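Encoded as structure tokens, the structure appears first; notes follow it.
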């Protein structure tokens with residue numbers, strides 16, 4: 001705290017406003033090569049991120065060595081002098097927020113023994129099916145961040161994280177599964193078993209005839225398409241900069257009328273849930289899409305002040321010690337729960353190449369991974385190789401419902417979803 | 001020290017300077033500071049690794065304490081790691097043509113603004129230009145008493161233009177990166193190229209997917225080499241049993257016109273003067289005239305798998321080295337581009353890249369072109385957009401029927417295991433027979 005006070009004191013002499021974010025973390029991870037532990041590692045991370053605002057000029061800098069904060073402040077001030085000035089109405093002051101961390105579990109202990117136990121259980125889980133492990137990993141981490149500014153705000157937060165992942169193979173059939181939580185409540189055996197099932201059950205794949213099919217996307221596949229295309233279009237910055245297809249559609253239907261897309265920063269399972277955002281604004285539920293109708297876009301202070309809007313508490317910090325930008329905390333999708341596997345559908349666990357989708361127009365054509373043709377819930381055959389094409393914005397306009405169960409995928413908590421009549425290029 | 005067979009330290013310090021200009025506004029510009037070290041200790045079995053932000057090399061007993069900490073992590077491992085004896089040594093870093101560090105941030109911003117201005121023509125709704133410059137000093141030492149250090153600067157820019165007409169939007173972009181040079185000068189035309197392409201794409205249609213002949217331009221063919229061959233040839237994947245190229249040494253997996261090489265010693269964007277574990281770098285012919293010759297290696301995979309030489313261990317600052325590609329390319333053939341188009345007869349000419357991905361164990365890859373043109377009766381016709389290609393590693397390489405002789409390298413970044421490293425990919429124009437093309441259109 002002494003260091004932060006010193007930086008704020010110095011900053012107040014030189015600029016109108018200063019924001020300090022001091023971060024530290026410790027993580028232990030271990031990695032499998034085949035079924036044995038190849039390495040165990042411990043990482044001490046630290047970072048200092050400064051943002052200065054002077055007469056509407058905003059400048060940032062960051063360093064991994066907080067002791068060199070002086071050079072970092074010089075760099076932030078130099079950065080501000082170059083930036084185009086904008087309307088600015090001040091950094092947030094302190095509010096009476098509950099300081100209890102929302103995603104911190106003191107039982108998450110970053111030690112090598114914990115990582116080793118997680119890996120042992122992961123390996124055990126894969127033995128449910130006759131497959132080989134190619135690689136796997138377990139990580140246990142704790143982070144602390146302090147956000148303070150010259151308006152008197154000073155919030156300290158703690159986070160914890162435990163994650164496992166494993167890749168399996170049999171012949172040329174592969175499977176990958178992972179899980180992550182801020183609590184010690186993940187079951188590496190189930191993760192191992194699922195990865196083994198995916199590789200085992202995808203063997204002896206058959207070609208699928210090219211044509212249009214009803215598709216069920218797993219939360220993993222859905223997260224890739226939403227994250228690469230739909231989310232950037234909800235950023236207030238992209239909306240005002242002419243880079244969002246949704247820019248002029250507020251109040252109009254942009255999804256199936258049964259679907260609602262929210263950022264819920266208080267979701268108890270969210271890995272990035274928080275009571276205040278990356279610049280200290282109290283967070284709230286942001287209703288991006290309600291019953292198919294586009295309601296809100298995401299704003300941080302900078303974008304909100306510039307365009308005469310209110311921040312939605314959507315500033316997030318990328319990486320450790322990163323500057324705040326617009327993002328989401330815990331994205332959720334609600335809708336009409338249905339049995340998605342009735343009739344004939346293609347179930348897609350993952351896709352290859354989602355990041356090559358056109359982020360502006362939403363057009364995508366990706367390769368399928370662990371896909372199965374299902375008839376009334378029974379696997380008819382695994383698909384050997386096929387591409388799936390469509391447009392993210394269009395395919396979300398008509399769905400066959402979502403699943404009851406959801407899973408955590410990064411900063412999203414998503415169900416499975418059925419999409420109607422998508423093009424598959426098979427043989 | 002007891003129980004420690006080997007250690008090395010790789011400490012990276014430096015600065016990252018960026019400029020972001022969004023619709024003529026300087027959104028942000030400035031410099032941040034990097035200081036991260038990775039210390040690897042090889043115990044009786046496997047590795048113990050420490051990552052430390054803001055590292056100062058301790059001396060004497062303090063350094064021994066650090067090694068002990070790593071050694072205790074290593075004691076948890078069960079895999080027996082052997083390191084091949086390989087030549088170390090550093091090759092000269094290319095001389096700086098112009099040091100970006102000598103150019104004032106304001107001048108950089110003005111030059112970038114000039115590029116953005118070039119994109120702001122009629123029909124363009126939004127423009128964004130960004131510049132990134134990373135100067136790093138790497139210090140390496142290991143328990144064999146080898147010590148190396150070098151500094152390297154990588155810089156580059158991108159310009160994106162978005163065209164809009166009656167609610168329809170399309171984008172065009174140009175990206176260029178360089179090592180040991182300042183590459184913002186005399187680039188104004190790049191803005192115009194991005195903008196003109198975005199406008200042209202408004203009239204392009206999405207093609208219908210299916211199997212067809214495809215001519216790939218050097219940028220896309222380079223990505224094809226990277227995704228279809230490069231990743232699967234990384235010997236850590238081979239060692240783990242996660243690559244379809246395992247057991248293929250000496251096998252003909254491509255047509256005889258195909259030779260694919262990786263070479264970190266070339267002064268291209270993926271250049272390394274030595275690799276991340278101190279090994280000497282050099283050329284690897286992964287495929288020669290269609291036959292698999294070698295894999296890409298670090299010291300450990302060379303000992304475990306064989307076929308090739310070490311020198312492809314690469315890492316981000318403060319991250320453990322992985323086996324990675326560097327500058328990967330398909331060698332020139334002897335055809336002319338016109339011959340490829342005429343030989344294609346009916347199909348598609350694909351240009352530019354939006355990236356790709358591979359599942360090396362399954363042997364399936366996918367990559368995406370920025371734009372393309374239909375080829376009808378051996379002639380280039382209507383423009384198309386949003387075209388992907390996918391294929392099977394062990395089959396598709398046989399489908400390269402012709403290679404032109406106009407090889408060009410393109411710069412980019414490649415992700416693996418959570419790390420992103422600078423690479424270059426290259427190729428001449430190539431002709432693929434019966435490629436699987438994905439597209440959501442109807443024509």
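Protein chains in written order, with this note's numbering: chain A, 1 to 427; chain U, 1 to 443.
For glycine and all other residues, C-beta sits at the position ideal for the given N, C-alpha and C.
Model, not experiment: these values are computed from the prediction.
field: Distance between beta carbons of residue 77(U) and residue 37(A), contact taken as under 8 Å
entry: In the first chain, residue 37(A) corresponds to position 37, counting from 1. In the second chain, residue 77(U) corresponds to position 77, counting from 1. Rounded, the Cβ-Cβ distance is 4 Å, consistent with contact.
- prompt: Fully enclosed by the segment 115-161 of chain U, which beta strand (DSSP E) runs are 3 residues long or longer?
  reply: Qualifying beta strand (DSSP E) stretches, in chain order: 124-142.
message: Against chain U, does residue 245(A) count as a neighbour if the rule is that its beta carbon must be under 8 Å from one of theirs?
response: Here residue 245(A) is taken as the residue at index 245 of the first chain, counted from 1. Interface residue, yes.
- prompt: In chain order, what residues of the same chain have a beta carbon less than 6 Å from the beta carbon of residue 438(U), not counting five sequence neighbours either side?
  reply: Position 438 of the second chain, counted from the start, is the residue given in the question as residue 438(U). Once the five neighbours on either side are set aside, the close Cβ partners of residue 438(U) are 209, 388.
task: Excluding the 5 residues preceding and the 5 following residue 380(A) in the sequence, name in chain order all residues of the same chain whose CB lies nearer than 6 Å to its CB.
output: In the first chain, the residue the question calls residue 380(A) occupies position 380. Within the same chain, residue 380(A) has close Cβ partners 373.
Per-residue contacts from residue 353(A) into chain U (C-beta, under 8 Å): Along the first chain, read from residue 1 onward, the residue named residue 353(A) stands at position 353. 355, 356, 357, 366, 367, 368, 388, 390, listed in chain order.
task: Using a Cβ-Cβ cut-off of less than 8 Å, give me the residues of the segment 97-108 of chain U that come near chain A, in sequence order.
output: For the segment 97-108 of chain U, the set of positions with a beta-carbon nearer than 8 Å to some beta-carbon of chain A reads 105, 106 in chain order.
query: Who are the neighbours of residue 397(U) on chain A, taking C-beta pairs under 7 Å?
result: On the second chain, residue 397(U) is found 397 positions in, with the first residue counted as 1. Listed along chain A, no residue sits closer than 7 Å to residue 397(U) by beta-carbon distance, the nearest being about 16 Å off.
- prompt: Closest Cβ-Cβ distance between residue 77(U) and chain A: below 8 Å?
  reply: Counting from 1 along the second chain, the entry for residue 77(U) is found at position 77. Closer than 8 Å to some Cβ of chain A, the Cβ of residue 77(U) qualifies, so yes.
query: Would the segment 422-435 of chain U and the segment 273-280 of chain U be scored as touching if the rule is three or more Cβ pairs under 8 Å?
result: No contact exists between the segment 422-435 of chain U and the segment 273-280 of chain U.
message: Please give me, in chain order, every unbroken run of the beta strand (DSSP E) with length at least 3 that falls completely inside the segment 43-129 of chain A.
response: Taking only runs of at least 3 residues, the beta strand (DSSP E) segments lying wholly in the segment 43-129 of chain A are 57-63.
query: Starting from residue 26(A) and walking both ways along the beta strand (DSSP E), at which residues does that stretch end?
result: Sequence index remark: in the first chain, residue 26(A) carries index 26 (1-based). Residue 26(A) -> beta strand (DSSP E) spans 17-33.
- prompt: Going straight from the alpha carbon of residue 328(A) to that of residue 181(A), what length do you get?
  reply: In the first chain, counting from the first residue as 1, residue 328(A) sits at position 328. In the first chain, counting from the first residue as 1, residue 181(A) sits at position 181. Whole-angstrom Cα-Cα distance: 17 Å.
query: Counting contacts by CB-CB distance shorter than 8 Å, is residue 366(A) in contact with chain U?
result: The residue labelled residue 366(A) in the question sits at position 366 within the first chain. The C-beta of residue 366(A) comes closer than 8 Å to at least one C-beta of chain U.
task: Mind checking the segment 340-351 of chain U against chain A and listing, in chain order, the residues whose C-beta falls within less than 8 Å of any C-beta there?
output: Within the segment 340-351 of chain U, no residue has a Cβ that lies closer than 8 Å to any Cβ of chain A.
Cβ of residue 250(U) within 8 Å of any chain A Cβ: Within the second chain, residue 250(U) is the residue found at index 250, counting from 1. Contacts with chain A at 8 Å (Cβ-Cβ) do not include residue 250(U).
query: Using a beta-carbon distance below 8 Å, is residue 53(U) in contact with chain A?
result: In the second chain, residue 53(U) corresponds to position 53, counting from 1. So yes, residue 53(U) belongs to the interface.
- request: Round the Cβ separation of residue 172(A) and residue 363(U) to the nearest angstrom and send it over; I've been treating them as touching at under 8 Å.
  value: Position 172 of the first chain holds residue 172(A). Position 363 of the second chain holds residue 363(U). Separation of the CB atoms of residue 172(A) and residue 363(U) is rounded to 6 Å, and the pair is thereby assigned contact status at 8 Å.
- prompt: Do you know offhand how far residue 140(A)'s Cα is from residue 46(A)'s?
  reply: Walking along the first chain from the start, residue 140(A) turns up at place 140. Walking along the first chain from the start, residue 46(A) turns up at place 46. Inter-residue distance for residue 140(A) and residue 46(A) is about 17 Å (C-alpha atoms, whole angstroms).
message: So within the segment 177-211 of chain A, which uninterrupted beta strand (DSSP E) runs reach at least 3 residues, ignoring any that extend past its ends?
response: Counting whole runs of 3 or more residues, the segment 177-211 of chain A contains no beta strand (DSSP E) stretch at all.
query: From the DSSP output, which residues share a beta bridge with residue 428(A)?
result: With chain A covering 1 to 427 only, the question about residue 428(A) has no answer from this structure.
- prompt: Is the Cβ of residue 241(U) closer than 8 Å to any Cβ of chain A?
  reply: Sequence index remark: in the second chain, residue 241(U) carries index 241 (1-based). It does: the Cβ of residue 241(U) has a partner Cβ on chain A nearer than 8 Å.
- prompt: Can a CB atom of chain A be found closer than 8 Å to the CB of residue 73(U)?
  reply: To locate residue 73(U), count along the second chain from 1; it is residue 73. It does; some Cβ of chain A falls within 8 Å.
query: Are residue 316(U) and residue 270(U) closer than 8 Å when you measure CB to CB?
result: On the second chain, residue 316(U) is found 316 positions in, with the first residue counted as 1. On the second chain, residue 270(U) is found 270 positions in, with the first residue counted as 1. No.
- request: Give the residues of chain U in contact with residue 372(A), contact being defined as C-beta atoms less than 8 Å apart.
  value: By one-based count along the first chain, residue 372(A) stands at place 372. Ordered by position in chain U, no residue passes the 8 Å Cβ test against residue 372(A), which lies about 15 Å from the chain.
- request: Quick one: using the 10 Å Cβ neighbour count with 16 as the cut-off for buried, is residue 350(A) buried or exposed?
  value: Locating residue 350(A) in the first chain gives position 350, counting from the first residue. Around the beta carbon of residue 350(A), a 10 Å sphere encloses 16 or more other beta carbons of the protein chains shown; the residue is thus reported as buried.
- prompt: What's the gap between the Cα of residue 520(U) and the Cα of residue 419(U)?
  reply: In the structure displayed, chain U extends from 1 to 443; residue 520(U) sits before or after that span and is not available.
query: When DSSP labels each residue in this structure, what does residue 219(U) get in the three-state scheme?
result: Numbered from 1 along the second chain, position 219 holds the residue referred to as residue 219(U). DSSP places residue 219(U) in helix when its eight states are reduced to three.
task: Select from the segment 151-182 of chain A all residues with a C-beta closer than 8 Å to any C-beta belonging to chain U, and list them in chain order.
output: Taking a C-beta cut-off of 8 Å against chain U, the contacting residues of the segment 151-182 of chain A are 167, 169, 172, 173, 174, listed in chain order.
task: Under 6 Å Cβ to Cβ from residue 18(U), same chain only, skipping five residues before and after it: list those, please.
output: As a working note, residue 18(U) is residue 18 in the second chain. If you ignore the 5 residues before and after residue 18(U), its C-beta comes within less than 6 Å of the C-beta of 132, all in its own chain and listed in chain order.
query: At a CB-CB cut-off below 9 Å, which residues of chain A make contact with residue 50(U)?
result: Translated into the one-based positions of the second chain, residue 50(U) becomes position 50. Those within 9 Å of residue 50(U) in chain A are 41, 42, 43, 44.
- prompt: Does the beta carbon of residue 29(U) come closer than 8 Å to any beta carbon on chain A?
  reply: Taking the first residue of the second chain as position 1, residue 29(U) is located at position 29. Residue-level contact by beta carbon holds for residue 29(U) and chain A, with a gap shorter than 8 Å.
- prompt: residue 366(U): buried (16+ other C-beta within 10 angstroms of its C-beta) or exposed?
  reply: In the second chain, counting from the first residue as 1, residue 366(U) sits at position 366. Buried, by the Cβ-count rule.
For residue 404(A), the first and last residue of its enclosing beta strand (DSSP E): For the purposes of this step, residue 404(A) is identified with residue 404 of the first chain, where counting begins at 1. It spans 399-409 - the beta strand (DSSP E) in which residue 404(A) sits, taken as one unbroken run.
task: Work out the CA separation of residue 16(U) and residue 137(U) for me, nearest whole Å.
output: Reading the second chain from its first residue, position 137 is the one you call residue 137(U). Reading the second chain from its first residue, position 16 is the one you call residue 16(U). The straight-line gap from Cα to Cα measures roughly 12 Å.
- request: Please state whether DSSP places residue 299(A) in a helix, a strand or coil.
  value: On the first chain, residue 299(A) is found 299 positions in, with the first residue counted as 1. Residue state, collapsed to three classes: coil.
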